[in-house]
Amino acid sequence: MNYSRDDENFPLTRFESMLKTNDILFFDSSEFENIIHHYLENGKIALAKRAIKLGLEQHPSSVNLRLFQVEILVIENKFSEADDILDMLHELEPNNEEIFIQKANVLSKQDEHKKAIDTLLIAIEMSTTPSEDADLYALVGMEYLFLDEFENAVIYFKKCLETDTSDYSALHNIVYCYDFLDKNEEAIAYLNAFLDKNPYCEVAWHQLGRQYFTIKDYDKANAAFDFAIISDDSFVGAYIEKGKVLEKLKLYEEAIENYKITLALDEPTSFALLRIGHCYDKLGQEDLALQFFKKTVEEDALLDQGWIAITKFYMKRLNYLKALHYVNKAVNIDGDNVLYWKLFASINKRLNFLEEAEMGYKRTLDLGNYELDTWLDRTDILIALGEYEAGIYNLLQAAEFYPENAEIAYRLGGLYFTINQTEEGRFHLKNAVKLNSDYSFIISELFPKINNRPMIKAIISDGDR
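This is the structure we're talking about:
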């Protein structure tokens, strides 16, 4: 095989050829470092290990190759072995900051974040170049994030930006910390100060707009997103956020324009299509609203908000059969979606398809939706179906989540009286009246056949006194 030494991949090509032929070729240590780095970057751990082994055979005293060996050991969770090598390297080169960085990495992987920070601070003291400082500040910031010490994390991410104003990952992390601390005003002050020095930073304008949006200052949010777009007129995220602001300002036509720009700039997103649909709905342009809701689910069939939008579109217009058609489609696509089943139950209830509605509420509960209304709606349908025992069992489960609830107690009282378990009926009805006498209408509405029994009338009238 012929190689061109002008090829920047020449050492890699030679190395891979050597592996195939079992020939032993010589590489200098920097060539091995580049080869190993390439394999690690591409997730080829086995090849990286092979290169490290061969590299150390040819250059046994190379500290950098040993550091790569440590990296592999950390990936394999062999922390004790990694520590041993780092201790040996530290004796050889006590002022090598990379050894401290790797030591911090080993500590971090073992959840020793405080010790990792102390170790990184030693590396920072040794560092001589600003770019290395920025990387180290970022590592310290991340360790503080692991500890949920957001105020300390902010300090170090700010140091990153002071060293490198284009470090947008640090900027995002600063805003993330302020968000977590609910310090929107502090975030706004910081971003404005940053923008005074970097007025064309579209990322900072975008983050500033999001902060104003959070505190509901929509006019300032709108202006910030405008500046983000001026700084980069192909910034899809800024158009999306501006569209959301315009919706809040009820400027639906302008919002649509911004969402449509994103469709032209990039692949259509289901979010933008959905928001356009909602805007057209607000404008009363039903055909266009429905068209974009349908485009949403065509773009992303698993986006529950798309199916829910179509279903609610028809529910709002009292077209429950159409709504049922689309919620059935949604359930068939994702049968574990609680929102779909809740809508499925509600629509079937509207259509008086009681058995299907009951099944929908049961499935909703099975999937972990324990809202009180879900328990009560299912019970009411079981009562209508004459499934009294099932209704009692359902309510007893509900009572575990909502103890001392009058609506549950009235229903339990009514059900026990209905199946002629008088003592249980009296207990629950008395408890219900004690909890809230205003809900006594439940008995007359759900249990008209027993409403006029003297015992029931007496218990309820005692509560009215």
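Every position in the sequence shown, counted from 1, becomes a number in the numbering used here once 1363 is added.
Beta carbons: idealized from backbone N, C-alpha and C, even for Gly.
Keep in mind that this is a model prediction, so the values were computed, not measured.
Problem - Inter-residue spacing [alpha-carbon to alpha-carbon] between Ile1480 and Asn1695 - result: Between Ile1480 and Asn1695, the C-alpha separation is close to 50 Å.
Practice task
Report yes if the CB atom of Leu1646 is closer than 8 Å to the CB atom of Ala1635, and no otherwise.
Solution key: Between Leu1646 and Ala1635, the C-beta gap is not smaller than 8 Å, which leaves the two residues out of contact.
Problem - Gly1788 to Phe1716 span [Cα, whole Å] - result: Gly1788 and Phe1716 have their alpha carbons spaced roughly 29 Å apart.
Exercise for the section: Decide if the region 1440 to 1447 is in contact with the region 1483 to 1493; the criterion is three or more beta carbon pairs, one per stretch, under 8 Å apart. Expected result: Output reads no: the region 1483 to 1493 does not touch the region 1440 to 1447.
Exercise for the section: Output the distance between the C-alpha atoms of Val1469 and Asp1496, rounded to the nearest integer angstrom. Expected result: Here the alpha carbons of Asp1496 and Val1469 stand approximately 20 Å from one another.
Exercise for the section: Could you check which residue in Lys1416, Tyr1563 and Val1538 has the C-alpha nearest to that of Ala1552? Expected result: Ranking Lys1416, Tyr1563 and Val1538 by CA distance to the CA of Ala1552 puts Val1538 first.
Exercise for the section: Taking only the alpha-carbon atoms, compute the straight-line gap between Tyr1677 and Gly1640 and give it to the nearest angstrom. Expected result: Tyr1677 and Gly1640 have their C-alpha atoms roughly 14 Å apart.
Practice task
For Asn1700, I'd like the list of residues in its chain whose CB is within less than 6 Å of its CB, leaving aside the five on either flank, ordered along the chain.
Solution key: In its chain, beyond the 5 residues on either side, Asp1667 have a beta carbon closer than 6 Å to the beta carbon of Asn1700.
Problem - Supposed contact pair Ala1533 and Phe1543 - C-beta distance, whole angstroms, cut 8 Å - result: Taking the Cβ atoms as the reference, Phe1543 lies roughly 16 Å from Ala1533, outside the contact range of under 8 Å.
Handout entry: Per-residue burial, Phe1378 [other beta carbons within 10 Å of its own, 16 or more giving buried]
Key = Buried, since its Cβ has 16 or more Cβ neighbours within 10 Å.
Exercise for the section: Decide if the region 1428 to 1439 is in contact with the region 1396 to 1414; the criterion is three or more beta carbon pairs, one per stretch, under 8 Å apart. Expected result: Touching, per the Cβ criterion.
Problem - Gln1648 - DSSP class collapsed to helix/strand/coil - result: Here Gln1648 sits in coil by DSSP.
Practice task
Could you pull out every residue in the same chain whose Cβ sits closer than 8 Å to the Cβ of Ile1408, ignoring the five residues on either side in sequence?
Solution key: Around Ile1408, the same chain offers Tyr1402, Ile1435 and Ile1438 as residues with beta carbons nearer than 8 Å, after the five sequence neighbours per side are excluded.
Practice task
Please confirm whether any heavy atom of the ligand COA lies closer than 7 Å to the CB of Arg1638.
Solution key: The ligand COA is not part of the structure shown, which contains no ligands of any sort.
Handout entry: Span separating the alpha-carbon of Asp1650 from that of Lys1705
Key = If you take the alpha carbons of Asp1650 and Lys1705, they lie about 26 Å apart.
Problem - Proximity winner among Ala1467, Asn1440, Val1426 and Ser1471, relative to Glu1454 (alpha-carbon distances) - result: Just measuring C-alpha positions, the residue of Ala1467, Asn1440, Val1426 and Ser1471 sitting nearest Glu1454 is Val1426.
Practice task
Leaving out five residues on either side along the sequence, give the residues of the same chain with a beta carbon under 7 Å from the beta carbon of Glu1767.
Solution key: The answer, listed in chain order, is Leu1798.
Practice task
Indicate whether Trp1319 and Ala1693 have their beta-carbon atoms separated by less than 8 Å.
Solution key: Shown here, the chain extends from 1364 to 1828; a query on residue 1319 therefore has no answer.
Exercise for the section: Report the rounded CA-to-CA distance for Lys1820 versus Gly1698, giving the unit in angstroms. Expected result: Each residue's alpha carbon lies about 45 Å from the other.
Practice task
Take the Cβ of Ser1380 as the centre, count every other Cβ of all protein chains shown within 10 Å, and call the residue buried at 16 or more, exposed below.
Solution key: Per the 10 Å Cβ criterion, exposed.
Practice task
Measure the CB-CB distance between Tyr1563 and Ser1594 and report whether it falls below 8 Å.
Solution key: Against a cut-off of 8 Å, the Cβ pair of Ser1594 and Tyr1563 comes out as a contact.
Problem - CA-to-CA distance, Thr1632 to Thr1674, given in whole angstroms - result: Near 20 Å, if we compare the C-alpha coordinates of Thr1632 and Thr1674.
Problem - Any alpha helix (DSSP H) of 4 or more consecutive residues that is wholly inside the region 1424 to 1469 - result: Annotation: the region 1424 to 1469 contains the following complete segments of the alpha helix (DSSP H) (minimum length 4 residues), in chain order: 1426 to 1438 and 1442 to 1455.
Exercise for the section: Indicate whether Val1599 and Leu1628 have their beta-carbon atoms separated by less than 8 Å. Expected result: Yes, the pair counts as a contact, with Cβ atoms nearer than the cut-off.
Problem - Cβ-based burial, Arg1680 [other Cβ within 10 Å; buried from 16] - result: When all chains shown are included, Arg1680 counts as exposed.
Handout entry: Cβ-based burial, Phe1780 [other Cβ within 10 Å; buried from 16]
Key = Under this definition Phe1780 is a buried residue.
Problem - Rounded separation between Glu1786 and Lys1793 - CA only - result: Approximately 11 Å, taken between the alpha carbons.
Practice task
Please classify Ser1471: is it buried, with 16 or more other beta-carbons within 10 angstroms of its beta-carbon, or exposed?
Solution key: Buried: at least 16 other Cβ atoms inside 10 Å.
Exercise for the section: Can you grab the Cα-Cα spacing for the pair Lys1657 / Gly1504, in whole Å? Expected result: Distance between Lys1657 and Gly1504, taken at the CA atoms: about 44 Å.
Problem - Length at least 4, wholly inside the region 1514 to 1577: the alpha helix (DSSP H) runs in chain order - result: With a minimum length of 4 residues, the continuous alpha helix (DSSP H) runs that stay inside the region 1514 to 1577 are 1531 to 1543, 1547 to 1560 and 1565 to 1577.
Problem - Three-way DSSP call (helix, strand, coil) for Lys1812 in this model - result: Here Lys1812 carries a coil assignment [DSSP, helix/strand/coil].
Exercise for the section: Keeping to the same chain, check which residues put their C-beta closer than 6 Å to that of Leu1502; ignore five residues upstream and five downstream. Expected result: Cβ neighbours of Leu1502 beyond the five flanking positions: Leu1483.
Practice task
Leaving aside the five residues before and after Lys1611 along the sequence, list all residues of the same chain whose C-beta is less than 6 Å from its C-beta, in chain order.
Solution key: Apart from sequence neighbours up to five positions away, the residues of its chain that approach Lys1611 with a beta-carbon distance below 6 Å are Tyr1581, ordered along the chain.
Problem - Spatially closest choice to Leu1508 from Gln1784, Glu1548, Ile1710 and Asn1536, by CA coordinates - result: Out of Gln1784, Glu1548, Ile1710 and Asn1536, Asn1536 has the C-alpha closest to the C-alpha of Leu1508.
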